[in-house]
Amino acid sequence: MSLRNQDGELIFRICQGDMQALGVLYEKYKTQMFRTALAITRDPGAAEDILQEGFLRLYANATRLDEKRSLAPWLYRVIVNLSYNWVTRRGRWMVPLEHAIERLRSGPKSSPEKVMEQSEVQQVVQEALDSLSFKHRVVLMLFYLNEFSLKEVAYILDLPEGTVKSRLYYGRKRLRACLRKDSRVLGGMAYELS
Numbered sequence: 172m173s174l175r176n177q178d179g180e181l182i183f184r185i186c187q188g189d190m191q192a193l194g195v196l197y198e199k200y201k202t203q204m205f206r207t208a209l210a211i212t213r214d215p216g217a218a219e220d221i222l223q224e225g226f227l228r229l230y231a232n233a234t235r236l237d238e239k240r241s242l243a244p245w246l247y248r249v250i251v252n253l254s255y256n257w258v259t260r261r262g263r264w265m266v267p268l269e270h271a272i273e274r275l276r277s278g279p280k281s282s283p284e285k286v287m288e289q290s291e292v293q294q295v296v297q298e299a300l301d302s303l304s305f306k307h308r309v310v311l312m313l314f315y316l317n318e319f320s321l322k323e324v325a326y327i328l329d330l331p332e333g334t335v336k337s338r339l340y341y342g343r344k345r346l347r348a349c350l351r352k353d354s355r356v357l358g359g360m361a362y363e364l365s
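Just so we're aligned, residue 172 is where the sequence shown starts under the numbering used here, counting upward by one.
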């Protein structure tokens with residue numbers, strides 16, 4: 172049984188009032204959803220509240236969901252929208268992407284020098300990501316960190332696919348430019364963002 176079918180079966184069980192099915196979906200998606208909410212809000216307490224609210228909405232809207240479609244894009248859209256609402260109410264638009272740094276420069280930590288180098292690279296990339304506009308950071312996060320397709324990112328953010336492509340292109344371009352300017356960047360790293 173595919174993941175999509177498993178989610179569909181669990182959604183069907185939720186519609187029948189099976190709270191254990193909701194618990195299974197919660198365990199499956201909680202880490203990804205929490206990280207997404209935390210990346211947008213920068214507040215662990217708010218991210219936890221948003222996670223809970225997202226799953227309450229899943230329970231409340233289970234009968235409206237198509238059991239044949241993947242649940243992840245719908246759930247990400249709910250979490251992203253709740254996170255946007257939280258940030259808007261507080262006037263804070265910040266997205267740390269420390270997890271994206273790991274995806275950009277992965278490798279075994281074999282020596283103290285390697286650990287130190289990786290730490291510096293993470294700092295450089297984090298600073299470059301922080302310099303990007305919110306709209307570019309979110310698209311980069313969903314596409315690279317969460318590995319969503321362009322179509323899924325467009326659905327999650329409620330944007331045309333062309334807009335997502337544009338933001339992804341300009342986000343990568345700006346990130347590359349920031350990394351090239353930084354003298355601490357190790358050879359070729361700016362070119363890994365293709």
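Quick reminder that beta carbons are idealized off the backbone N, C-alpha and C, glycines included.
Neighbourhood of V195 by C-beta, 7 Å cutoff - its chain only, sequence neighbours within 5 removed: Numbered from 1 along the sequence shown, position 24 holds the residue referred to as residue 195. Within the same chain, L181 come within 7 Å of V195 by CB-CB distance, once the 5 residues on both sides are set aside.
Inter-residue spacing [alpha-carbon to alpha-carbon] between A299 and V310: Residue 299 sits at position 128 when you count from the first residue of the sequence shown. Residue 310 sits at position 139 when you count from the first residue of the sequence shown. Each residue's Cα considered, the two are about 15 Å apart.
Between the CA atoms of Q191 and N176 - distance to the nearest angstrom: Looking up residue 176 in the sequence shown gives position 5. Looking up residue 191 in the sequence shown gives position 20. C-alpha separation (whole angstroms): 17 Å.
T212 burial status per 10 Å Cβ neighbour count (16 or more: buried): As a working mapping, residue 212 is identified with position 41 in the sequence shown. By the neighbour-count rule (16 or more Cβ atoms within 10 Å), T212 is buried.
Nearest to V335 (by Cα), restricted to the options D353, C349 and Y315: As a working note, residue 335 is residue 164 in the sequence shown. When only C-alpha atoms are compared, the closest one is Y315.
Proximity of A243 and F319 at Cβ, strictly below 9 Å: The residue you call residue 243 lines up with position 72 of the sequence shown. The residue you call residue 319 lines up with position 148 of the sequence shown. Against a cut-off of 9 Å, the Cβ pair of F319 and A243 comes out as a contact.
Test item: CB-CB of L303 and Y247 under 9 Å: Here the question's residue 303 lines up with position 132 in the sequence shown. Here the question's residue 247 lines up with position 76 in the sequence shown. Not closer than 9 Å, so no.
Ranges of the beta strand (DSSP E) found wholly within the stretch 233–260, counting only runs of at least 3: none
Secondary structure of E318, DSSP reduced to three states: Numbered from 1 along the sequence shown, position 147 holds the residue referred to as residue 318. If DSSP states are grouped into helix, strand and coil, E318 belongs with coil.
C-beta atoms of H307 and L350 nearer than 9 Å: As a first step, residue 307 is located in the sequence shown; it is residue number 136 there, counting from the start. As a first step, residue 350 is located in the sequence shown; it is residue number 179 there, counting from the start. Contact: no.
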